[in-house]
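Top line first, the protein sequences correspond to chains A and B. Okay, so the first sequence: first residue is 1 according to our numbering, each after it adds one. Okay, so the second sequence: first residue is 1001 according to our numbering, each after it adds one. Cβ coordinates follow ideal geometry from the N, Cα and C atoms, glycine included.
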Amino acid sequence: MEGRPLDEQELVEQARGGDARAYEALVRRYQDLAFRTAFVIAGGSADAEDAAQEGFVKAWYALPRFRAGSPFRPWLLAIVANEARNRRRSGRRQDDLAVRVAEDRPSGDAAPSPEAAALATEQRRLLLAAMGRLGETDRQVIACRYFLELSEAEMAAALGCRPGTVKSRLSRALDRLRAVLAEPGGAMAAAPDAGLPGGGDR
Amino acid sequence: MSRRELDLEAALADLATALEFPPTPDLAGAVGARLEQAPARAPAPARPARRLRWPAGWRRLAAVGLAAVLLAAAVLVASPGTREAVARRLGLRGIGVQIGGPPPPTVTTTPGARLDLGLGDQVTLEEARRRVGFPVLVPAGLGQPDRVFVDEAVPAGGRVDLVYRARPGLPASPFTDVGALITQFQGQPTPEFLKKVTRMGVVEAVTVGGEPGYWFSGEPHFFTYIDAAGEFREEQTRLAGNTLIWQRGDLTLRLEGELPKEEAIRIAESMR
């Protein structure tokens, strides 16, 4: 969107000066991003809500230390992701993300046949199920890149690693995902309990 | 980059278009409400007071007091967005629930006055029935209450509290000698009762006699309310243990006690 960076900078400046309304506008703008990032890291929606809310409150108090002019998103994500990591329970299964069953093609594309739509849905489920068999670090780095579409700086902030290591981490995670998909029946084996719609803990 | 790599990346990007994250909660409203009641930000970053070292019993009380009222004020007045979100979460008339956030750090109340919970006038059941505009129900499962309190003024239409002393099968709450407390009033769109559940509390939707209800367990929570004139009022140290809130017609009822869920629902369904 045009003019967005300026808007953001103005809001950040006002919030830095103590304007809570400007900050609320910032929260509204980034609450999806923050919640979903926290979800990817904490693994459950209740913990994600908690982490995102706490992260936003902490970020408010930390704003005076925010360097004017630097990008806001990575800074915010670092705080939220840290809260999310603190809430992550070890050994806990990641709440499932759901794959929409109905095709949701951007308008303009020809509507696929029902068979093609079913096949596409099934393939997506298998892919998501395969991700569920990866280790936490691999899953998180892939989700940050492809599901949240974070930049490298944002990924580094969210994952708590140096920006220089993001690329190699992602590449290794993709290798392992490819290996899981190549296992005979590997993805299939995980299909029944992973990635099905209706996941989540609410 | 190999073709296979590109294929996998394309497949992941395609998966992302069909992925559904859980719905994002109203964080802006919740954060706004918390900032409203928080201390103004000092040039040096001020953080909400860390946990004070209260005696064990008191630590659980850390959710009462003026801060609660301020929080309610913030939620209900300063942030209409949150107010709607709160109302949306619970489908019960006259009840709002705010979940999340640490308990307010201030405790301004004194320990509960045993059986007298500051509930209004102590009266007989018959007198209470005369003074409020709705039929007062009594749980057959518990029998006649040990004490009855009535408050005709708040909320509009009045409110009746039935108090049951702790006894075998009805364990005392950690804060008072009370075994069970049943509150009933006619739910109004406003004023709303506001119930806050601290961060780790658990809320579960239940059915009581075919009507909607909610079961609160885990960490303690507290009540504040706003009367018809828009004044904030704080209910005395009525720290709930486990709490069941449910509806019966246009009555909203609440049962507090250290009871298991099934027992609470059984008592609730025995209200006549």
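Neighbouring residues, chain B, relative to residue i (Cβ below 8 Å)
{"i": "E152/A", "result": "The contacting residues do not exist; E152/A stays about 15 Å from chain B at best."}
{"i": "I142/A", "result": "L1012"}
{"i": "A22/A", "result": "Neighbours of A22/A on chain B: none; closest Cβ ~11 Å, over 8 Å."}
Beta carbon proximity, residue i to chain A, threshold 7 Å
{"i": "A1085/B", "result": "Here A1085/B scores only 36 on pLDDT, less than 50, and its place in the model should not be relied on; the value that follows carries that caveat. No, its Cβ sits nowhere closer than 7 Å to a Cβ of chain A."}
{"i": "P1022/B", "result": "yes"}
{"i": "P1212/B", "result": "no"}
{"i": "R1248/B", "result": "no"}
{"i": "E1027/B", "result": "The amino acid at residue 1027/B is misidentified as Glu; the sequence shows Leu. Cβ-Cβ to chain A under 7 Å: yes for L1027/B."}
{"i": "L1008/B", "result": "yes"}
{"i": "L1255/B", "result": "no"}
{"i": "R1129/B", "result": "no"}
{"i": "L1035/B", "result": "yes"}
Which of helix, strand or coil DSSP assigns to residue i
{"i": "D1151/B", "result": "strand"}
{"i": "Y1225/B", "result": "In this prediction, Y1225/B has a pLDDT of 43, which is less than 50 and means its spatial position is unreliable; what the coordinates show is noted afterwards. Correct three-state label for Y1225/B: strand."}
{"i": "R1131/B", "result": "helix"}
{"i": "F66/A", "result": "coil"}
{"i": "L1142/B", "result": "coil"}
{"i": "L33/A", "result": "helix"}
{"i": "V99/A", "result": "strand"}
{"i": "L1019/B", "result": "strand"}
{"i": "L26/A", "result": "helix"}
{"i": "R1272/B", "result": "coil"}
{"i": "V1031/B", "result": "helix"}
{"i": "E8/A", "result": "helix"}
{"i": "E149/A", "result": "coil"}
Beta-carbon neighbours of residue i, restricted to chain A and to distances below 8 Å
{"i": "A1030/B", "result": "Q53"}
{"i": "A1016/B", "result": "Y146, F147, E149"}
Minimum Cβ-Cβ distance from residue i to chain B less than 7 Å
{"i": "R67/A", "result": "no"}
{"i": "Q31/A", "result": "yes"}
{"i": "E83/A", "result": "no"}
{"i": "V27/A", "result": "yes"}
{"i": "S168/A", "result": "no"}
{"i": "A118/A", "result": "no"}
{"i": "V180/A", "result": "no"}
{"i": "F56/A", "result": "yes"}
{"i": "L127/A", "result": "yes"}
{"i": "R88/A", "result": "no"}
{"i": "F273/A", "result": "Because chain A is modelled from 1 through 202, residue 273/A falls outside the range shown and cannot be assessed."}
{"i": "R36/A", "result": "yes"}
{"i": "S113/A", "result": "no"}
Start-to-end residues for the alpha helix (DSSP H) that takes in residue i
{"i": "T1024/B", "result": "It is not in any alpha helix (DSSP H) - T1024/B carries neither H nor E in the DSSP assignment."}
{"i": "S168/A", "result": "163-182"}
{"i": "D1161/B", "result": "No alpha helix (DSSP H) contains D1161/B, which is instead part of the beta strand (DSSP E) from 1159-1165."}
{"i": "L76/A", "result": "72-87"}
{"i": "D979/B", "result": "The displayed coordinates of chain B run from 1001 to 1272. Any statement about residue 979/B would go beyond what the structure contains."}
{"i": "D19/A", "result": "Segment: none, D19/A is in no alpha helix (DSSP H) and carries neither H nor E."}
{"i": "A153/A", "result": "152-159"}
{"i": "E1269/B", "result": "1261-1269"}
{"i": "L141/A", "result": "The question names Leu, but residue 141/A in the sequence shown is Val. 136-142 is the extent of the alpha helix (DSSP H) around V141/A."}
Test: residue i CB closer than 7 Å to a CB of chain D
{"i": "R1147/B", "result": "Although the question refers to chain D, the structure presented lacks it and instead comprises the protein chains A and B."}
Residue(s) in a DSSP beta bridge with residue i
{"i": "Q1184/B", "result": "V1160/B, L1253/B"}
{"i": "Y1214/B", "result": "A1205/B, I1245/B"}
{"i": "L1170/B", "result": "R1167/B"}
For residue i, the first and last residue of its enclosing beta strand (DSSP E)
{"i": "Q123/A", "result": "No beta strand (DSSP E) contains Q123/A, which is instead part of the alpha helix (DSSP H) from 114-132."}
{"i": "Q1122/B", "result": "1121-1123"}
Neighbour list for residue i in chain B, Cβ cutoff strictly below 7 Å
{"i": "A98/A", "result": "E1020"}
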